[in-house]
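Numbering (the numbering used here), first residue to last: 12 to 62.
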């Protein structure tokens with residue numbers, strides 16, 4: 012039973028990672044127009060995760 016639970020968590024983690032990356036990109040685009048501070052934080056984190 013524990014194995015299937017781990018697989019479920021892994022699948023959920025991957026989905027959340029994809030959603031998080033998409034949200035980070037969206038916030039980065041909005042941030043460039045609105046607040047420079049958010050741009051210096053979110054996009055950098057996204058770039059590090061991609062590498």
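Ideal Cβ positions, reconstructed from N, Cα and C, are used throughout, including at glycine.
Q. When DSSP labels each residue in this structure, what does residue 49 get in the three-state scheme?
A. Residue numbering aside, residue 49 sits at position 38 when the chain shown is read from its first letter. Reliability fails at residue 49, whose pLDDT of 47 lies under 50, so the model's placement of it is uncertain and the value that follows must be treated cautiously. Here residue 49 carries a helix assignment [DSSP, helix/strand/coil].
Is there a Cβ from chain D that is less than 7 Å from the Cβ of residue 23?
In the structure shown, chain D cannot be found, because there is only a single protein chain.
Using the Cα positions of residue 50 and residue 14, report the straight-line distance between them to the nearest angstrom. Here the question's residue 50 lines up with position 39 in the chain shown. Here the question's residue 14 lines up with position 3 in the chain shown. Here the model assigns residue 50 a pLDDT of 48, short of 50, so the residue's position is not dependable and the matter cannot be decided.
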